[in-house]
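So the structure is just underneath, and the comments pick up after that.
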Ligand SMILES: Nc1ncnc2c1ncn2[C@@H]1O[C@H](COP(=O)(O)OP(=O)(O)OP(=O)(O)O)[C@@H](O)[C@H]1O
Ligand SMILES: [Mg+2]
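Protein chains in written order, with the working numbering: chain P, 48 to 264; chain L, -2 to 210.
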C-alpha cells in the first residue's frame, strides 16, 4: 500500500500541490486526472523522485521512504514517460537489461531471460536486436514498459500513456495495463487527460485540482 | 627523381614533427575539451564565467598570435618555453577551447528526459554518462570534431613562425636552397595524404555510429 500524506510542492512561490493526500492499495489501478497545468505530471515526478517535495510524507506499507533516494533492493516506482525516453544508442534488449545488470547486478543470462519473458508478454518477440528508431510508437511504449518492469518496481507509473496513440493502440495499452494487474499483480498509476480511458481501466480516479484557478474564483 | 629521393629524408623528418604535434594535441585536447565542456554546463557560476572567458579569448584571437605570444612574448615576463613545448602548449590551449564548445553543444542536445529515465532506473551519474550520454554526444559531435581535426593538420604549419622544424619549414628550406618548386609541391602532397588519411579514419568512425539514430 502506498500513501501520500500532506504532500506540498511549490515551484518558486507558486504552490502546485497543496497538502495532497492519496492512498493506493496493492494491485490497484489509479488514474490521476485533472485540468492541464493542475500538477498531474508534477505529482508523478515527485513520487518517482524527479522532483523534491517541499513537505509531506511518502509511505510504502507504512514505512516512510524518500523517492529521491531509491534503493536497489526496494525499487518503489517505475516510470513510463510520455515520450518513452528509450535510449537510442542501445538495442531493445540492451535498453531493457542495462539497469538490471548495472544496478541490480543480475548476471547476463538472468537479465536476458527476464527481458525475453517481458518482450514475449508485451508482444515484442523478435524485436530484441532492433534499435528504438526502428519501432512504431506503440512498440516503443511497450519497450518502455518492459524496461521499467525489468527493475521489479512495486508500482508502475505512466504519464499520458494514450496521448500519442491511435484508438487501436489505445485499446491495446489498456489491455496491457489490465494484464499487468491480473497476471503480474502490478500496482499502477496512470496520469491521463482521457476520461474514457480512465473509466475503462481504473479502480480509483483521483482528480488533481488547479490551485491557481481556485484562488482566482 | 633522384632529387626527390634526396630531399625526402628532411621532408619526412619535418612530417614526423608535424605528426607528433598533431597527435599530442588531439590526445590531450579532446579529453580536456570534454572536461571543460562539463564545466561550461555545470552549476558553478564562477567556473562557467572563467571558462567562457578562456574560450572567448582562444576563439576570438588568431592561433598565430597565441603562438607568438607564448614563444616570443612570455619570455619578456620570465616565462620561457622550449620551441616544441611552446607549440604544443599553444595548440592544446587553442584546440581545447574549440573542442569544449563542440562538446558543450553535444551535451546540451541530449534531451533532459534521457538523464531522467536513467535516474529513475537508478543508474549512477557515471553509468549514465558512460552508457547513455557519451555515446549520444559522440555521435552528435563527430562531424564537427572531424572538421577541427582536418584544420589541425593544416594549422600545425603555423609553428613555422617560431622556427620549429616541421614539414612546411623543411619544404621551404629546400626550395630556397635549390631554387625549385618541387619541395613545395611535395609538401602539398604530404599534407593531402595526412588530411586524406584523417578523413578516411573519421568516416569509418562516423559509419560505426550510423546503425542507430
Ligand atoms: N520545472 C518547473 N518549474 C516551474 N514550474 C513548473 C515546472 N514544472 C511544471 N511547472 C508548473 O507546474 C504546473 C503543473 O504542471 P504539470 O506539468 O504538473 O501539469 P499537468 O497537470 O501535468 O498538465 P498537462 O495536463 O498539461 O500535462 C504548471 O503550471 C507548470 O507551469
Ligand atoms: Mg502533464
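Virtual Cβ for every residue (Gly too), placed ideally from N, Cα, C.
Bear in mind that the values here come from a model prediction, so they are computed numbers and not experimental data.
Quiz item: Once you ignore the five residues that flank residue 254 of chain P on each side, which residues in its own chain have a CB closer than 7 Å to its CB?
Solution: On the first chain, position 207 is the one that residue 254 of chain P refers to. Cβ within range, chain order: 80, 81.
Quiz prompt | residue 152 of chain P - containing beta strand (DSSP E), residue span | solution = Here the question's residue 152 of chain P lines up with position 105 in the first chain. Residue 152 of chain P -> no beta strand (DSSP E), and no H or E assigned at all.
Quiz item: If you measure from the CB of residue 232 of chain P, is any heavy atom of ligand 3 nearer than 6 Å?
Solution: Looking for ligand 3 in the displayed structure turns up nothing; the ligands present are ligand 1 and ligand 2.
Quiz item: Just to confirm, does residue 210 of chain P get its C-beta within under 6 Å of one of the non-hydrogen atoms of ligand 1?
Solution: The residue you call residue 210 of chain P lines up with position 163 of the first chain. Checking the Cβ of residue 210 of chain P against ligand 1 gives no.
Quiz prompt | Under 8 Å from the C-beta of residue 103 of chain L: neighbouring residues of chain P | solution = Within the second chain, residue 103 of chain L is the residue found at index 106, counting from 1. Correct list: empty, because the minimum Cβ distance to chain P is about 13 Å.
Self-check item: Cutoff 7 Å; reference residue 131 of chain P; Cβ partners in own chain excluding five residues on either side
Solution: Stepping through the first chain from its first residue, residue 131 of chain P is reached at position 84. Taken in chain order, the residues that qualify are 187, 188, 191.
Quiz item: To the nearest whole angstrom, what separates the beta carbons of residue 180 of chain P and residue 210 of chain L, a pair I think is in contact under 8 Å?
Solution: Position 133 of the first chain holds residue 180 of chain P. Position 213 of the second chain holds residue 210 of chain L. Right, their Cβ atoms sit about 4 Å apart.
Quiz item: Ordered along the chain, which non-local residues of its own chain (more than five positions away) have a Cβ less than 7 Å from that of residue 134 of chain L?
Solution: Within the second chain, the letter at position 137 stands for residue 134 of chain L. 100, 103, 104, 107.
Practice problem: Please work out which residues of its chain come closer than 7 Å, Cβ to Cβ, to residue 95 of chain L, disregarding the five sequence neighbours upstream and downstream, and give them in chain order. | Solution: As a working mapping, residue 95 of chain L is identified with position 98 in the second chain. Contacts found: 56, 145.
Exercise. Check whether the Cβ of residue 252 of chain P lies closer than 6 Å to any heavy atom of ligand 1, and answer yes or no.
Key: Position 205 of the first chain, counted from the start, is the residue given in the question as residue 252 of chain P. Not one heavy atom of ligand 1 falls within 6 Å of the beta-carbon of residue 252 of chain P.
Quiz item: Skipping 5 residues on each side, what residues in its chain have a beta carbon closer than 8 Å to that of residue 261 of chain P?
Solution: Stepping through the first chain from its first residue, residue 261 of chain P is reached at position 214. Since pLDDT at residue 261 of chain P reaches only 47, below the 50 mark, its modelled position is unreliable, and no value is offered.
Quiz item: What is the residue span of the alpha helix (DSSP H) that residue 169 of chain L lies within?
Solution: Within the second chain, numbered from 1, the residue matching residue 169 of chain L stands at position 172. It spans 164 to 175 - the alpha helix (DSSP H) in which residue 169 of chain L sits, taken as one unbroken run.
Quiz item: Pairing CB atoms from the region 178 to 189 of chain L with CB atoms from the region 0 to 17 of chain L, are three or more of them under 8 Å?
Solution: The region 178 to 189 of chain L makes contact with the region 0 to 17 of chain L, as at least three CB pairs between them are under 8 Å.
Practice problem: Could you tell me if the beta carbon of residue 239 of chain P falls within a distance shorter than 6 Å of some heavy atom in ligand 2? | Solution: As a first step, residue 239 of chain P must be located in the first chain, where it is residue number 192. Checking every heavy atom of ligand 2 against the Cβ of residue 239 of chain P, none is found closer than 6 Å.
Self-check item: Contact check, residue 93 of chain L vs residue 147 of chain L, beta carbons under 7 Å
Solution: For the purposes of this step, residue 93 of chain L is identified with residue 96 of the second chain, where counting begins at 1. For the purposes of this step, residue 147 of chain L is identified with residue 150 of the second chain, where counting begins at 1. No, these two residues do not count as a Cβ contact at 7 Å.
Quiz item: For chain P, is any of its Cβ atoms less than 7 Å away from the one on residue 110 of chain L?
Solution: Working through the second chain from its first residue, we reach residue 110 of chain L at position 113. Answer yes: the Cβ-Cβ gap between residue 110 of chain L and chain P drops below 7 Å somewhere.
Quiz item: residue 251 of chain P: which of P:65, P:75, P:68 sits nearest, CA to CA?
Solution: What you label residue 251 of chain P is simply residue 204 of the first chain in a count that begins at 1. Closest by alpha carbon: P:75.
Quiz item: Buried or exposed: which applies to residue 108 of chain P, given that a residue is buried once 16 or more other Cβ atoms fall within 10 Å of its Cβ?
Solution: Sequence index remark: in the first chain, residue 108 of chain P carries index 61 (1-based). Per the 10 Å Cβ criterion, exposed.
Self-check item: Option nearest residue 227 of chain P by Cα separation, candidates P:120, P:168, P:99, P:52
Solution: Here residue 227 of chain P refers to the residue found at position 180 of the first chain. When only C-alpha atoms are compared, the closest one is P:168.
Quiz item: From this set, P:156, P:173, P:121, P:119, which residue's C-alpha is nearest residue 138 of chain P's C-alpha?
Solution: Within the first chain, numbered from 1, the residue matching residue 138 of chain P stands at position 91. Nearest C-alpha to residue 138 of chain P: P:173.
Practice problem: Tell me whether residue 89 of chain P counts as near ligand 1, meaning its Cβ is closer than 6 Å to at least one heavy atom of that ligand. | Solution: As a position in the first chain, residue 89 of chain P is number 42, starting the count at 1. Checking every heavy atom of ligand 1 against the Cβ of residue 89 of chain P, one is found closer than 6 Å.
Quiz item: Around the C-beta of residue 41 of chain L, are 16 or more other C-beta atoms found within 10 angstroms, so that it is buried, or is it exposed?
Solution: As a first step, residue 41 of chain L is located in the second chain; it is residue number 44 there, counting from the start. Label assigned to residue 41 of chain L: exposed.
Quiz prompt | CB contact flag (residue 142 of chain P, residue 194 of chain P, <7 Å) | solution = Position 95 of the first chain holds residue 142 of chain P. Position 147 of the first chain holds residue 194 of chain P. For residue 142 of chain P and residue 194 of chain P, yes; Cβs fall inside 7 Å.
Practice problem: Within its chain, find whatever has a CB closer than 8 Å to the CB of residue 3 of chain L; leave out the 5 residues flanking it on each side and keep chain order. | Solution: What you label residue 3 of chain L is simply residue 6 of the second chain in a count that begins at 1. Answer for residue 3 of chain L: no residue qualifies.
Quiz prompt | Assumed close pair residue 52 of chain P, residue 106 of chain P - CB separation to whole angstroms, cut-off 8 Å | solution = Position 5 of the first chain, counted from the first residue, corresponds to residue 52 of chain P. Position 59 of the first chain, counted from the first residue, corresponds to residue 106 of chain P. Confirmed, Cβ separation roughly 7 Å.
Quiz item: Going by alpha carbons, who is nearest to residue 156 of chain L out of L:36, L:129, L:63?
Solution: Locating residue 156 of chain L in the second chain gives position 159, counting from the first residue. Closest option to residue 156 of chain L, Cα to Cα, is L:63.
Quiz item: Can we count residue 79 of chain P as close to ligand 1, meaning its CB is less than 6 Å from some heavy atom?
Solution: Taking the first chain and counting its residues from 1, one reaches residue 79 of chain P at position 32. No, the beta carbon of residue 79 of chain P sits no closer than 6 Å to any heavy atom of ligand 1.
Quiz item: With burial defined as no fewer than 16 other Cβ atoms inside 10 Å of the residue's Cβ, what is the status of residue 168 of chain L: buried or exposed?
Solution: Indexing the second chain from 1 puts residue 168 of chain L at position 171. When all chains shown are included, residue 168 of chain L counts as buried.
Exercise. Flag residue 126 of chain L as yes if its beta-carbon sits less than 7 Å from any beta-carbon of chain P, otherwise no.
Key: Walking along the second chain from the start, residue 126 of chain L turns up at place 129. For residue 126 of chain L, the answer is no, since every Cβ of chain P falls outside 7 Å of its Cβ.
Quiz item: Using a threshold of 6 Å, is the CB atom of residue 195 of chain P nearer than that to any non-hydrogen atom of ligand 1?
Solution: Numbered from its first residue, the first chain carries residue 195 of chain P at position 148. Not under cutoff, so the answer is no.
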